[in-house]
Each structure stands twice: as structure tokens, then as C-alpha cells.
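Following our numbering, the numbering of the sequence shown begins with 4 at its first residue and continues without gaps.
No residue lacks a Cβ here, since even glycine has one placed at the ideal position from N, Cα and C.
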Amino acid sequence: MTSERITFTRHSGEELAARLDLPDGPVLATALFAHCFTCSKDIAAARRIAGRLAAMGIAVLRFDFTGLGHSEGEFSNTSFSSNVADLVAACEYLTSRDMAPALLIGHSLGGAAVLRTAKRIAGVKAVVTLAAPFDPAHITRNFAAHLPEIEERGQAEICLGGRPFVITREFIRDISAGNLEATIRGLDAALLVMHAPRDDVVSIDNATRIFVAAKHPKSFVTLDDADHLISRAGDAEYAADVIAAWVGRYIDLTLPAPPPGAPEGIVRVSEADPEGFLQDVQSGPDHHLLADEPAAFGGTDRGLSPYGLLAAGLGACTSMTIRMYARRKGWALHHVSVDVSHAKVHAQDADDSGRIDRFDRVIRLEGDLDDDQRARLLAIADRCPVHRTLEHGATIDTRLEPDA
């Protein structure tokens with residue numbers, strides 16, 4: 004994934020800071036991400052979700068609303084309406100780059116903002132809300148004790164997340180007028196509602212009201228014990244995986260034709276955690292898995308090791324080859340399983356290191372098979388294409404892609 008630092012101008016002239024996270028390969032679709040109240044584009048959940056979607060071919064623009072993060076403007080002059088205006092400006096920027104967003108994702112108040120914005124943007128086919136309030140005024144619960152002061156004096160400085168923010172009377176009145184029920188009922192896009200039952204900032208009943216108000220197609224997925232900010236890496240990755248799988252029903256994520264010589268496409272591996280060893284492994288728009296190293300080797304053990312993936316390839320190919328042969332013969336093979344382990348062993352004919360790779364493979368065949376059939380299926384296992392590749396070796400041509 005590559006990430007561009009960009010700015011774009013909102014209608015009132017302020018420059019808004021943004022990041023455009025791009026896939027390493029073709030851009031199959033574009034998403035716009037709206038962050039939570041008083042947060043920024045760089046909150047952990049936004050980074051992780053954008054990174055996971057980019058690994059799946061979806062470009063993601065995430066930006067700081069006016070007066071937050073690295074964007075210009077005064078937060079005290081903003082409102083729910085100004086957040087919507089910022090989203091429209093972001094969509095116009097993407098459209099100017101021929102990357103009009105088909106997917107809107109909003110976290111917390113950002114979720115309410117994308118619901119309000121969706122009808123104003125042509126081409127939006129899907130909307131995702133994460134821990135979003137049904138009523139934007141719900142956020143005033145975070146500073147309810149200050150509401151009388153704000154009404155009387157016109158503004159008050161409050162502390163949210165350890166930082167001071169000035170909240171004005173105009174902000175309160177604007178957000179109180181932001182009823183979303185009619186907007187949700189008129190949403191002309193597929194909707195995915197994601198919420199944690201134990202969210203103590205925006206309660207789960209908000210998700211229920213959003214879901215009930217929306218027309219089909221709509222889906223609801225629980226975030227289980229995630230916190231409101233979706234701060235744990237596993238929760239953010241789960242959300243991203245669900246979004247990527249769900250959105251494929253509503254947005255065409257078909258890859259362009261692969262280059263000659265690679266009829267099944269290209270497997271792309273890219274870092275998911277530059278501080279560790281976690282890798283995203285993507286094969287086309289529909290197949291994604293993780294590779295990692297065990298904790299003992301500095302990894303986080305959240306995916307198969309490289310040799311584990313190699314062993315999996317041998318095991319899968321072996322089982323498929325046996326199944327194809329038994330099916331063609333009409334034999335009563337009910338089930339196949341293959342155990343594969345890998346080790347470095349000493350061998351007389353090895354290279355100077357005196358070590359070679361050894362794969363131990365144990366095959367289990369279940370069914371009404373006689374001894375001759377079992378022996379034949381065992382022999383067929385050695386004709387598995389991956390087995391032959393490992394046995395005879397392969398040529399690997401490597402080149403360094405020039406800098407763009």
C-alpha cells in the first residue's frame with residue numbers, strides 16, 4: 004500500500020488535510036472514510052481499516068474535518084452541517100481525480116455524517132456505519148453538564164479525550180436539528196450497520212434504530228466486545244474484512260485481465276505491520292489471508308508462517324489430486340485429509356550446508372476402498388503438481404520495480 008499526503012479545499016476556502024491510501028495494484032473501487040467526533044484521520048481504527056481495504060484493491064481517502072488534526076479552520080466554527088459539507092468537498096476532490104467514491108464509511112458521528120451525505124453524491128452504491136448514533140445530538144451526552152453554560156454564554160470550553168474544545172450554541176442547535184430518520188429511509192444505497200453491544204459511548208439501540216429505518220438491501224454485523232473507538236487491531240481488521248466481503252455484492256471488484264503467463268492472476272504480498280512481520284496476502288478480489296511469524300521469532304502469530312503456507316499448498320494440492328482421481332474412477336472415497344510438516348534435515352547429497360528441506364506427508368483416506376485402490380491413490384499423491392514442483396525445483400526470476 005502507498006499513502007499519499009494531500010490537501011483539498013472546502014467551499015469556504017480552508018485547506019483540509021487528507022491521506023489517500025492506494026492499493027499496490029489496480030484501484031478496483033474508492034471509499035471515503037469519515038472519522039469520529041473530535042478524532043482525526045489518523046486514529047488507529049481509520050488507519051487499520053483503510054490499510055486492509057487498500058490491500059483488497061479499494062482506495063481509501065480519509066481526511067481531517069475542519070478544525071481538527073492538520074486541517075485548517077476553527078473547530079468552534081464547525082457543525083454537523085459543516086462536516087457534511089467537508090464530505091461533499093472530499094467527494095468532489097476524488098471525482099476530479101476520476102476516483103468518485105462508490106463506498107462511504109463513517110465512524111461514530113462520522114457515520115451519521117455519511118448517512119446525511121450519501122444522497123448528495125452521485126454514484127454511491129454502499130454505505131457503512133461503525134458505532135454511529137441514530138440522532139447526531141446523541142454526542143451531547145459527552146458534555147451534558149456544560150449544556151446550560153453553552154446556552155447561557157453562547158459557548159464553553161470542554162475536555163474530550165484529554166483535549167480542550169470550544170463548543171458553541173450554534174453547534175448544539177445545528178446538531179439537534181440533524182434528525183436522520185427520513186434520510187435513512189430515503190437512502191438509495193446498500194447499508195451495512197456495525198456496532199458493538201457493549202459500546203458505552205453510543206449505545207447499541209442506535210444501531211437498531213438505523214437498521215429498522217433503512218430499506219433493503221441492509222445488513223447488521225456485531226462488533227462483539229470492541230470499544231467505541233475500535234482501538235484493538237483485531238477488531239479493526241475484522242471490521243475491514245467484513246466490509247470488503249460485504250461490499251463485493253454491491254460494487255464490482257473484478258480485477259483487470261492478468262498479464263500473459265499468469266492465467267490465474269497474481270498473488271500480491273504486502274506488509275500489514277512494518278514494525279513486525281504480519282503480511283497481507285491477496286489473490287484477486289475475493290481471496291485474502293494473513294502470513295506472519297510465531298511470537299518466538301518476533302511476529303504476532305496471526306497467520307501461517309511462509310513455510311506453513313508452503314506446506315498448506317502441498318497438502319491442498321495432494322488432497323485435490325486424490326479427489327479428482329477417485330471421482331474419475333467412481334471410487335467410494337468419502338473423505339481425504341493430509342497432514343504436512345516441514346523440517347531441515349541432514350542429507351549426504353545436500354549442498355555445502357549439509358541441510359535440505361524435508362516435507363513429511365501423512366494421508367488419510369476414508370471410504371469403502373480395497374488395498375489396491377488405496378495403493379493407487381497413494382501413488383497418485385506424488386503426481387500432485389505442487390509435489391512435482393517441490394521435487395524438481397523451480398526457476399524464480401526476480402526484478403526490482405523502478406521508482407515511480
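Item, Value
"Per-residue burial, Met-327 [other beta carbons within 10 Å of its own, 16 or more giving buried]", "exposed"
"Nonlocal neighbours in the same chain, by C-beta distance under 8 Å from Asp-295, ignoring five residues either side", "Gly-279, Phe-280, Leu-281, Gln-282, Gly-302, Thr-303, Asp-304, Arg-305, Gly-306, Leu-307 and Ser-308"
"Where Ala-115 sits in the DSSP three-state scheme", "helix"
"Nonlocal neighbours in the same chain, by C-beta distance under 6 Å from Ala-265, ignoring five residues either side", "Because the pLDDT of Ala-265 is 35, which lies under 50, any placement of that residue in the model is unreliable, and the number read from its coordinates should be weighed accordingly. Same-chain partners within the cutoff: there are none."
"Rounded separation between Thr-324 and Arg-386 - CA only", "8 Å"
"Simplified DSSP state of Glu-75, which is helix, strand or coil", "coil"
"Residue from His-345, Ile-269 and Trp-334 with nearest C-alpha to Arg-377", "Trp-334"
"Run of the beta strand (DSSP E) containing Gly-109, from where it starts to where it stops", "106-110"
"Own chain, CB closer than 6 Å to Ala-350, minus 5 neighbours either side, in chain order", "Note on Ala-350: pLDDT 49, under 50, position unreliable in the model; the coordinate value appears next. Counting only Cβ-Cβ distances below 6 Å, and skipping sequence neighbours, we find Ile-359."
"His-198 beta carbon less than 8 Å from that of Ala-217", "no"
"Local conformation of Arg-166 per DSSP, three classes", "strand"
"6 Å CB neighbourhood of Asp-342 in its chain, flanking five on each side removed", "Val-365"
"First and last residue of the uninterrupted alpha helix (DSSP H) at Ala-57", "47-58"
"Under 8 Å between C-beta atoms of His-38 and Gly-113", "yes"
"Uninterrupted alpha helix (DSSP H) stretches inside the segment 230-310 (no shorter than 4 residues)", "236-250"
"Distance, Asp-24 Cα to Arg-13 Cα", "20 Å"
"Beta-carbon separation (whole angstroms), Val-87 vs Ala-49, contact threshold 8 Å", "Actually they are not in contact, since the Cβ atoms of Val-87 and Ala-49 sit about 18 Å apart, beyond 8 Å."
"Per-residue DSSP class, three states only, for Thr-12", "strand"
"Three-state secondary structure (DSSP) of Thr-398", "coil"
"Alpha-carbon to alpha-carbon, Arg-379 and Gly-126", "57 Å"
"Proximity of Thr-69 and Ser-85 at Cβ, strictly below 8 Å", "yes"
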